Amino acid sequence: MEKTFLMVKPDGVQRNLIGEIVSRFEKKGFQLVGGKLMSIPTELAQEHYGEHKERPFFGELVDFITSGPVFAMVWEGENVISTARQMMGATNPKDAAPGTIRGDFGITVGKNVIHGSDSPQSAEREIGLFFKEEEVVAYSKLI
Ligand code: CMP
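Per this note's numbering, the sequence shown starts with residue 1108, numbered consecutively.
Structure (structure tokens):
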């Protein structure tokens, strides 16, 4: 079954949006298989956002994601990677449709509430960066 990495960013945590965001993915039918509230060390932030290191906003991005606690999650379900991206909405909240997480709660491209893996490769990489194997659980198929 497909897994993805999702993270409520410091703005979302500070605005008490963890419950709202978790609830949306639960109601959709996905399963939370890993989760932790954590402060991201600078080196982890730089590695996580490595593909953006040449961008002019890289410093700002790392400063923001390390500025307060985040809620890192692993979610499981059929097509969860692409469906979660649809539920998150466009990266820039000004372009995100109402009904999406960023469309409903975000205003600026930097403080856009949530991060989600954009491909199977990035999901595997990001889950591995943030979670040890034993921190990701498996549910019984009986429930
Ligand atoms: P995210 O999905 O976490 O992945 C990269 C992040 O870079 C993206 O969300 C945005 O929050 C951020 N980002 C993209 N463009 C800009 C920008 N022009 N200025 C600041 N941050 C940006």
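Built from N, CA and C at the ideal position, the CB exists for glycine as well. Remember, it's a predicted structure, so these values are computed and weren't measured experimentally.
Exercise for review: State buried or exposed for leucine 1113, treating a residue as buried only when at least 16 other CB atoms are found within 10 Å of its CB.
Suggested key: Counting Cβ neighbours within 10 Å, leucine 1113 comes out buried, since at least 16 surround it.
Practice item. Would you decide whether methionine 1194 is buried or exposed? Buried here means 16 or more other CB atoms lie within 10 Å of its CB. Key: Buried is the call here.
Exercise for review: Count the other CB atoms, across all protein chains shown, that sit within 10 Å of the CB of histidine 1222; report buried if there are 16 or more and exposed otherwise.
Suggested key: So histidine 1222 counts as buried.
Review point. Once you ignore the five residues that flank glycine 1204 on each side, which residues in its own chain have a CB closer than 7 Å to its CB?
Key: Reading off the sequence, residue 1204 comes out as alanine, not glycine. The residues are Gly1196, Gly1210.
Check your understanding: Using DSSP with H/G/I as helix, E/B as strand and the rest coil, what is valine 1181?
Key -> Three-state result, valine 1181: strand.
Point to revise | Cβ-Cβ distance between valine 1177 and threonine 1111 below 7 Å | key: It is not a contact, given that the beta carbons lie outside the stated cut-off.
Exercise for review: Could you have a look at threonine 1149 and say whether DSSP puts it in helix, strand or coil?
Suggested key: Threonine 1149 carries a helical assignment under DSSP once its states are collapsed to helix, strand and coil.
Review point. Lysine 1201 lies in the beta strand (DSSP E); which residues open and close that run?
Key: Careful: lysine 1201 lies outside any beta strand (DSSP E) and carries neither H nor E.
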